[in-house]
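This report refers to the structure that appears directly beneath it.
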Amino acid sequence: MDALGGLLDGPRANGAFLMRSVLRSPWSIRVQDRAPLSIAVVAKGEAWVISDGVGPVHLFPGDVMIAKGPAPYTVADAQDSAPTYFINPGQLCTDASGRSISAEMMLDARAWGNDAEGSTVLVTGTYEHASAVSERLLRTLPALIVLRREQWASGLVSLLCDEVQRDDLGQEVFLDRLLDLVVIATVRAWLASAEALSPGWFIASSDPVVGPALRLIHRHPGRPWTVASLAAEVAVSRAAFARRFSELLGEPPMAYLTTWRLEVAADILLGTDRTIASIAAEVGYSTPFALSAAFTRVKGLSPNRYRTASRAERAANDTEWRRHSPPAPMAPTA
355 MDALGGLLDG PRANGAFLMR SVLRSPWSIR VQDRAPLSIA VVAKGEAWVI
405 SDGVGPVHLF PGDVMIAKGP APYTVADAQD SAPTYFINPG QLCTDASGRS
455 ISAEMMLDAR AWGNDAEGST VLVTGTYEHA SAVSERLLRT LPALIVLRRE
505 QWASGLVSLL CDEVQRDDLG QEVFLDRLLD LVVIATVRAW LASAEALSPG
555 WFIASSDPVV GPALRLIHRH PGRPWTVASL AAEVAVSRAA FARRFSELLG
605 EPPMAYLTTW RLEVAADILL GTDRTIASIA AEVGYSTPFA LSAAFTRVKG
655 LSPNRYRTAS RAERAANDTE WRRHSPPAPM APTA
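Mapping of the sequence shown onto my numbering: position 4 corresponds to residue 358, and the numbering continues sequentially without gaps.
Right, dumping it as structure tokens:
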């Protein structure tokens, strides 16, 4: 799998929080739920998003926003509207005094708001659990992404807006997978359209010299690559290749290779119970001790301690979410 494929393989919704918000002005929602990743689509009307250090950004019908937690942000009808609703961990909604208003704001099973005939409709999806989103994806994204309707052509957004209103058999699983696809499509389109903010490897991937070499590194991190062997693969001199690589990515080829190998190793550590020896062989280290030394130098923890600490942190986050989550609504009886 190449770098982009590995990045976009991250979202794994499982009972994600999906909701239509139907709102009549004035309204302002302060989102402070600490969720690792959320997405919002303006299905009708307009909205403003204000995030710490970003914005305010004006959103129009068809625009998509991705917010990376845990930093809070505000979505409102106007950029100077004071928050009236607060979304807390577990998707508990309170007013400014802290009083729970979750029940009174529910319009139906997947609709929430202050007026069923409101002029603004937002469709939001929230990955509440840290385990549902890969660390590599979260590290790549800025705090806020806004993708305008005219920047991409995808029927997925319209499909999500339609399907969130349906209640067919298996709908929760269907919506989880659809949410994943919308996030993947949005991130891919953003990477292609925002070169100034995209990771260096994404920009360099279209270069005729560096691009093919990057794909070799990403697909085969375990091979014994050298600057000379990579240069030979792309049919340029060693000096020309090293110079071009450093110009585009801001670091020498071997430094990039080391970083990539350790990123792959970190993902394997979190996602599997494989031994350090087998991971070392896959990512190009001759012994587990060599991998451990490089990993500890860069990450500050040995591979085993990194695996244990990261899993413990994710488990604690998931426990916190479950502690705050309200009970699932009971199905209506006949």
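Built from N, CA and C at the ideal position, the CB exists for glycine as well.
If you're wondering where the values come from, they're calculated on a predicted model, not measured in any experiment.
Among the options, nearest to residue i - alpha-carbon criterion
i: residue 522; options: 463, 599 and 606; result: 463
i: residue 413; options: 407, 433, 609 and 401; result: 401
i: residue 580; options: 421, 491, 467 and 611; result: 611
i: residue 558; options: 599, 505 and 582; result: 599
i: residue 440; options: 456, 506, 434 and 431; result: 456
i: residue 643; options: 392, 656 and 524; result: 656
i: residue 404; options: 428, 661 and 397; result: 428
i: residue 590; options: 514, 636, 506 and 563; result: 563
i: residue 662; options: 624, 477 and 588; result: 624
i: residue 379; options: 585, 553, 605 and 434; result: 434
i: residue 689; options: 377, 615 and 415; result: This structure does not reach residue 689, given that the chain is present from 355 up to 688, and the question cannot be answered.
i: residue 513; options: 453, 505 and 525; result: 525
i: residue 467; options: 554, 449, 367 and 533; result: 449
i: residue 465; options: 532, 409, 556 and 371; result: 371
i: residue 394; options: 432, 481, 603 and 460; result: 481
i: residue 547; options: 561, 568, 506 and 531; result: 506
Buried versus exposed call for residue i [16 or more other C-beta atoms within 10 Å across all chains shown]
i: residue 307; result: The structure shown does not extend to residue 307, since the chain is modelled only from 355 through 688, so no value can be given for it.
i: residue 479; result: buried
i: residue 617; result: buried
i: residue 396; result: buried
i: residue 638; result: buried
i: residue 574; result: exposed
i: residue 367; result: buried
i: residue 550; result: Its pLDDT being 47, under 50, residue 550 is placed unreliably in this model, and the value from its coordinates should be taken loosely. Result: exposed.
Which of helix, strand or coil DSSP assigns to residue i
i: residue 521; result: coil
i: residue 632; result: helix
i: residue 456; result: helix
i: residue 753; result: The chain is shown from 355 up to 688; residue 753 falls before or after that span and cannot be answered.
i: residue 440; result: strand
i: residue 690; result: The requested residue 690 is not part of the displayed model; the chain covers only 355 to 688.
i: residue 619; result: helix
i: residue 466; result: strand
i: residue 639; result: coil
i: residue 594; result: helix
i: residue 684; result: In this predicted model, residue 684 has a pLDDT of only 38, less than 50, meaning its place in the structure is not dependable enough to derive any value.
CB contact below 8 angstroms: residue i versus chain B
i: residue 577; result: This model lacks chain B altogether; it includes just one protein chain.
Does the pairing of the stretch 494-508 with the stretch 532-546 give three or more beta-carbon distances under 8 angstroms? Yes: the two stretches touch, three or more of their Cβ pairs being nearer than 8 angstroms.
Complete runs of the beta strand (DSSP E) confined to the stretch 362-411 [at least 3 residues]: Taken in chain order, the complete beta strand (DSSP E) segments of 3 or more residues contained in the stretch 362-411 are 371-377, 382-385, 391-398 and 401-405.
Ranges of the alpha helix (DSSP H) found wholly within the stretch 525-564, counting only runs of at least 4: Every unbroken stretch of the alpha helix (DSSP H) spanning 4 or more residues and falling wholly within the stretch 525-564 is given here in chain order: 525-547 and 554-558.
Counting Cβ pairs, one atom from each stretch, are 3 or more of them under 8 angstroms apart for the stretch 417-432 and the stretch 384-398? The stretch 417-432 vs the stretch 384-398: in contact.
Contiguous alpha helix (DSSP H) assignments of at least 4 residues, all confined to the stretch 470-518: When DSSP assignments are scanned along the stretch 470-518, the uninterrupted stretches of alpha helix (DSSP H) that are 4 or more residues long and fall wholly within it turn out to be 489-494 and 510-517.
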